[in-house]
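Since the structure comes first, as structure tokens, the remarks are kept for the end.
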Amino acid sequence: MATERDLVVLGVGMHPWGKWGRNFVEYGLVAAKAALADAGMVWRDIQFVAGADTIRNGYPGFVAGSTFSQAMGWTGAQISSSYAACASGAQGMQSARAQILAGFADVAMVIGADTTPKGFFAPVGGERKEDPDWQRFHLLGATNPAFFALNARRRIDVFGDTPDDFAMVKVKNSKAGVANPYARFRKEFTLDDFAGSPIVSDPLRLLDICATSDGAAAVIICTPEYAKAKLGTLEGTVRIRAVANTTPTYPQVRLELPDIATDSNAVVAAPALGFKDSVAHNAYEQAGLGPEDLSCAEVYDLSTALELDWYENLGLCPEGEGASLVRSGATALGGRVPVNASGGLASFGEAIPAQAIAQVCELTWQLRGQADGHQVEDAKVGLAINQGLFGHGSCTILSK
Amino acid sequence: MTATERVPAIDGWFTTSEPYTLIGAKCTDCATYVFPPRSGACPNPDCDSMELEPAPLSRRGTVWSYTENHYAPPAPYVAAEPFEPYALAAVQLEAEGIVILGQVAKGVMAADLSIGMEVEVDLQVLYRDADGVDHWIWTWAPAAPEASA
Chain Z
1 MATERDLVVL
11 GVGMHPWGKW
21 GRNFVEYGLV
31 AAKAALADAG
41 MVWRDIQFVA
51 GADTIRNGYP
61 GFVAGSTFSQ
71 AMGWTGAQIS
81 SSYAACASGA
91 QGMQSARAQI
101 LAGFADVAMV
111 IGADTTPKGF
121 FAPVGGERKE
131 DPDWQRFHLL
141 GATNPAFFAL
151 NARRRIDVFG
161 DTPDDFAMVK
171 VKNSKAGVAN
181 PYARFRKEFT
191 LDDFAGSPIV
201 SDPLRLLDIC
211 ATSDGAAAVI
221 ICTPEYAKAK
231 LGTLEGTVRI
241 RAVANTTPTY
251 PQVRLELPDI
261 ATDSNAVVAA
271 PALGFKDSVA
281 HNAYEQAGLG
291 PEDLSCAEVY
301 DLSTALELDW
311 YENLGLCPEG
321 EGASLVRSGA
331 TALGGRVPVN
341 ASGGLASFGE
351 AIPAQAIAQV
361 CELTWQLRGQ
371 ADGHQVEDAK
381 VGLAINQGLF
391 GHGSCTILSK
Chain Y
1 MTATERVPAI
11 DGWFTTSEPY
21 TLIGAKCTDC
31 ATYVFPPRSG
41 ACPNPDCDSM
51 ELEPAPLSRR
61 GTVWSYTENH
71 YAPPAPYVAA
81 EPFEPYALAA
91 VQLEAEGIVI
101 LGQVAKGVMA
111 ADLSIGMEVE
121 VDLQVLYRDA
131 DGVDHWIWTW
141 APAAPEASA
């Protein structure tokens with residue numbers, strides 16, 4: 001049960017994902033106006049704007065909070081801008097939630113948008129020898145898919161997963177994404193399609209790896225009092241049960257993007273709970289909920305194999321049994337706990353600062369019963385989890 | 001004719017004469033290791049040391065995982081034309097308790113690797129720049145049999 005302090009998601013809105021090649025601000029405006037319309041509010045009502053930044057769109061991207069505020073028309077609202085790579089949107093959620101819980105605002109908008117280049121994500125330009133992102137590209141050619149592939153290879157050799165197990169994730173997510181009007185790829189893939197898909201980073205094929213996309217998402221959150229005054233009742237509202245943003249604990253012994261090496265466990269033993277396990281654990285603690293309570297989850301399927309990791313990190317199954325879980329159908333629509341009913345990154349591609357916010361939009365629609373064509377039956381509790389570079393773990397839990 | 005000039009692609013991460021080794025850093029107080037090498041604060045949150053000193057790392061380790069790049073990585077990688085697929089391996093150094101990623105020696109592909117396989121540090125040319133200078137990088141190469149005593 002939600003407590004009195006649990007904030008309310010009052011409105012959500014998105015711009016469809018795609019490769020439109022337009023200014024990211026334009027997408028953000030569409031999402032912001034959709035969220036306002038969904039909440040039955042006007043822009044002047046927003047007291048705090050939390051922008052999720054993008055490093056790929058020049059200065060306006062670096063200061064997204066003010067960029068969107070200016071584009072919508074200055075109102076003198078309070079503001080924050082956050083960059084945490086893939087977890088930027090979750091940082092925005094945390095910033096807005098903390099501001100409201102501290103009593104400095106009643107209602108806030110969290111917003112993020114991106115325009116992405118074609119092909120591999122590359123570091124920002126210039127020779128920056130101290131930057132681990134520059135180092136891994138220049139010295140090793142260690143692309144993001146290469147890191148996903150190292151992880152996938154571990155699963156094959158340690159757990160006995162097969163490339164077909166990974167493909168099953170794409171098959172499942174692409175099927176769900178067909179019905180999602182905000183998804184970029186609305187095409188169902190089969191296992192047969194994988195044979196013709198080129199290997200990018202062995203053992204992963206192009207179809208195993210998420211694309212880079214343009215897109216935007218916005219969420220409006222508020223105090224229960226504000227929501228009650230506006231709606232007359234809190235009945236049926238979507239509540240924020242946890243926003244847990246977590247760093248690793250030393251030593252981080254799992255090789256993670258973009259680092260060339262792990263920490264050393266020669267002197268200090270590795271923590272009992274690995275990094276990604278701890279991200280989920282902290283959110284469960286905050287919400288007073290556990291994996292058995294989840295109706296559905298949105299996880300960061302940057303690659304198909306990574307989705308199987310998340311099953312285990314979330315406690316949906318024991319370590320090493322992710323492949324069995326996807327094969328059982330438990331994580332498909334109609335299964336015990338559908339994962340990525342939105343279609344996931346497999347159907348969206350990644351629009352970095354918008355993605356964690358889009359996860360919240362999707363969960364909100366699921367909990368309201370508004371996810372037409374990809375609705376999880378009787379959804380009561382939803383979780384979204386992702387991970388930004390250098391150890392920005394983030395996990396959000398919503399419930400009815 | 002002069003010999004081609006060769007320089008390390010990055011300074012201070014590996015020795016440039018045999019026996020080739022990676023150079024990490026070691027805390028002068030708690031003795032934990034760091035790679036890539038750096039100075040300044042120890043990464044151990046319970047250690048207040050501000051002194052890390054350069055430390056040669058074990059030459060041999062075992063493959064933790066590996067992959068093979070089939071597309072040319074984007075800049076700042078300097079890709080050969082035409083691009084030839086190559087392997088990367090993450091290698092566990094037992095004494096240091098650390099996993100380090102590196103390119104695998106040219107010609108050794110994913111099919112030649114397996115998790116747990118023993119490899120050792122070698123060097124190879126990463127790229128030749130416009131001035132004809134070769135930039136060298138460490139690689140993981142299948143370990144040669146230990147010389148008998």
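Line order of the protein sequences matches chains Z and Y.
Sequential numbering from 1 applies to the first sequence in UniProt numbering.
Sequential numbering from 1 applies to the second sequence in UniProt numbering.
Even for Gly, the Cβ is constructed at its ideal location relative to N, Cα and C.
The structure presented is a predicted model; accordingly, all values stated were derived computationally and were not measured.
Own chain partners of residue i with C-beta closer than 6 angstroms, once the 5 adjacent residues on each side are dropped
i	result
residue 287 of chain Z	241, 242 and 397
residue 148 of chain Y	Low local confidence applies: a pLDDT of 49 at residue 148 of chain Y is under 50, so the model's placement there is unreliable, and no value is given.
residue 163 of chain Z	203
residue 67 of chain Y	88
residue 244 of chain Z	282, 283, 286 and 395
residue 137 of chain Y	9 and 126
Nonlocal neighbours in the same chain, by C-beta distance under 8 angstroms from residue i, ignoring five residues either side
i	result
residue 336 of chain Z	330
residue 29 of chain Y	42, 47, 48, 49 and 51
Collapsed DSSP secondary structure at residue i in the structure displayed
i	result
residue 226 of chain Z	helix
residue 315 of chain Z	coil
residue 165 of chain Z	helix
residue 7 of chain Z	coil
residue 154 of chain Y	Because chain Y in this structure spans residues 1 to 149, residue 154 of chain Y falls outside the shown range and cannot be described.
residue 134 of chain Y	strand
residue 108 of chain Z	strand
residue 100 of chain Y	strand
residue 57 of chain Y	coil
residue 17 of chain Z	strand
residue 148 of chain Y	Residue confidence for residue 148 of chain Y is low, a pLDDT of 49 falling below 50, so the modelled location carries little weight; the figure read from the coordinates is stated next. In the structure shown, residue 148 of chain Y sits in coil (DSSP, three-state: anything other than H, G, I, E or B).
residue 292 of chain Z	helix
residue 30 of chain Z	helix
residue 336 of chain Z	coil
residue 143 of chain Z	coil
residue 92 of chain Y	strand
residue 18 of chain Y	coil
residue 412 of chain Z	The structure shown does not extend to residue 412 of chain Z, since chain Z spans only 1 to 400, so no value can be given for it.
residue 282 of chain Z	helix
residue 13 of chain Y	coil
residue 115 of chain Y	coil
residue 303 of chain Z	strand
residue 272 of chain Z	coil
residue 124 of chain Z	coil
residue 25 of chain Z	helix
residue 394 of chain Z	strand
Other residues of its chain near residue i: CB distance less than 7 angstroms, five sequence neighbours each side excluded
i	result
residue 126 of chain Z	none
residue 34 of chain Y	24, 25, 43 and 52
residue 270 of chain Z	251 and 253
residue 228 of chain Z	234
residue 20 of chain Z	214
Minimum C-alpha distance to residue i - residue among the options
i	options	result
residue 321 of chain Z	Z:2, Z:44, Z:100 and Z:166	Z:166
residue 395 of chain Z	Z:43, Z:86 and Z:15	Z:86
residue 379 of chain Z	Z:83, Z:334, Z:387 and Z:132	Z:334
residue 103 of chain Z	Z:157, Z:226 and Z:313	Z:226
residue 231 of chain Z	Z:97, Z:60 and Z:8	Z:8
residue 246 of chain Z	Z:340, Z:111, Z:283 and Z:235	Z:283
residue 37 of chain Z	Z:47, Z:10 and Z:97	Z:10
residue 120 of chain Z	Z:370, Z:20, Z:350 and Z:332	Z:350
residue 274 of chain Z	Z:303, Z:314, Z:261 and Z:260	Z:314
residue 309 of chain Z	Z:158, Z:354, Z:186 and Z:352	Z:158
residue 6 of chain Y	Y:20, Y:71 and Y:125	Y:125
residue 377 of chain Z	Z:341, Z:393 and Z:348	Z:341
residue 252 of chain Z	Y:18, Y:4 and Y:32	Y:32
residue 8 of chain Y	Y:141, Y:140 and Y:135	Y:135
residue 348 of chain Z	Z:279, Z:175 and Z:280	Z:175
residue 34 of chain Z	Z:400, Z:370 and Z:218	Z:218
residue 51 of chain Z	Z:109, Z:101, Z:133 and Z:257	Z:109
residue 187 of chain Z	Z:360, Z:197, Z:199 and Z:173	Z:173
Handout entry: Segments assigned alpha helix (DSSP H), at least 4 residues, entirely inside the segment 184 to 269 of chain Z
Key = Whole alpha helix (DSSP H) segments, 4+ residues: 191 to 195 and 224 to 231.
Handout entry: Residues of the segment 224 to 257 of chain Z whose Cβ lies closer than 8 angstroms to any Cβ of chain Y, in chain order
Key = For chain Y, the residues of the segment 224 to 257 of chain Z that bring a beta carbon within less than 8 angstroms of one of its beta carbons are 250, 251, 253 and 255, in chain order.
Handout entry: Cβ-based contacts, 9 angstroms cut-off: residues of the segment 138 to 152 of chain Z near chain Y
Key = From the segment 138 to 152 of chain Z, only 138, 139, 140, 141, 142, 143, 145, 146, 147, 148, 149, 150, 151 and 152 have a Cβ closer than 9 angstroms to chain Y.
Problem - Sequence ranges, beta strand (DSSP E) only - wholly within the segment 36 to 100 of chain Z, length at least 3 - result: You should have 48 to 52 and 78 to 82.
Handout entry: Length at least 3, wholly inside the UniProt domain "ChsH2 rubredoxin-like zinc ribbon" (20 to 50) of chain Y: the beta strand (DSSP E) runs in chain order
Key = Runs of the beta strand (DSSP E) inside the UniProt domain "ChsH2 rubredoxin-like zinc ribbon" (20 to 50) of chain Y: 23 to 27.
Problem - Cβ-based contacts, 7 angstroms cut-off: residues of the segment 257 to 269 of chain Z near chain Y - result: Result list: 260, 261, 262, 263, 264, 265, 266, 267 and 268.
Problem - the segment 66 to 91 of chain Y: positions lying closer than 9 angstroms to chain Z by Cβ - result: Within the segment 66 to 91 of chain Y, the residues whose Cβ lies closer than 9 angstroms to some Cβ of chain Z are 66, 67, 68, 69, 70, 71, 72, 73, 74, 75, 76, 77, 78, 79, 85, 86, 87, 88, 89 and 90, listed in chain order.
Exercise for the section: Select from the segment 185 to 217 of chain Z all residues with a C-beta closer than 9 angstroms to any C-beta belonging to chain Y, and list them in chain order. Expected result: Here the close residues are 198, 199, 200, 201, 202, 203 and 204.
Practice task
Pull out every residue of the segment 291 to 320 of chain Z whose Cβ sits closer than 8 angstroms to any Cβ of chain Y, in chain order.
Solution key: Going along the segment 291 to 320 of chain Z in chain order, one finds no residue with a Cβ nearer than 8 angstroms to chain Y.
Exercise for the section: Name, going along the chain, the residues of the segment 1 to 19 of chain Y whose beta-carbon falls closer than 8 angstroms to a beta-carbon of chain Z. Expected result: Listed by position, the residues of the segment 1 to 19 of chain Y near chain Z (Cβ gap below 8 angstroms) are 9 and 10.
Problem - Members of the segment 98 to 129 of chain Y that neighbour chain Z once the beta carbon cut-off is set at 8 angstroms - result: Within the segment 98 to 129 of chain Y, contact with chain Z at the beta-carbon level (separation under 8 angstroms) is assigned to 98, 99, 100, 101, 102, 103, 110, 114, 115 and 126.
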